[in-house]
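Step one of this worksheet: look at the structure below.
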Amino acid sequence: MSTPLDRLTHSRGAFLTFAGIITATTAWMIWGNGDMFPREPDPTGDPEDWTTSALKRWLNNRNLLPNHAASREELLERVKANMRPPPGQ
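Counted the way this note's numbering counts, the sequence shown spans residues 1173 to 1261.
Below you can see the structure in the form of structure tokens.
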């Protein structure tokens, strides 16, 4: 008579689940957590011309997490306050 533990160890489904977890973990370790799906590049040009989503993306890329309820003007002000002048100026 087999016990539930015996049936689990002989189950094909349990083996495939375990193998899938190991495969996914290995793939994650090889490819890393950010290189496989790179994020969108920073917007360029004058921030006055950027969309609201571009302003939020710029702030998020710098961990300056914007308030979700912030207006476009507030986002623009925050971007300008955190921008560095180009080198040589």
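We put the beta carbon where it would ideally sit given N, CA and C, even for glycine.
Quick caveat: nothing in here was measured; it's all calculated off a predicted structure.
| Check | Outcome |
| --- | --- |
| Taking the beta carbon of LEU1227 as the centre, do at least 16 other beta carbons fall within 10 Å, making it buried, or is it exposed? | buried |
| Give the secondary structure of ALA1191 by DSSP, where H, G and I count as helix, E and B as strand, and everything else as coil. | helix |
| Should the segment 1240-1248 be called in touch with the segment 1215-1226, which here means at least 3 C-beta pairs below 8 angstroms? | yes |
| For GLU1212 versus ARG1229, is the C-beta spacing smaller than 8 angstroms? | yes |
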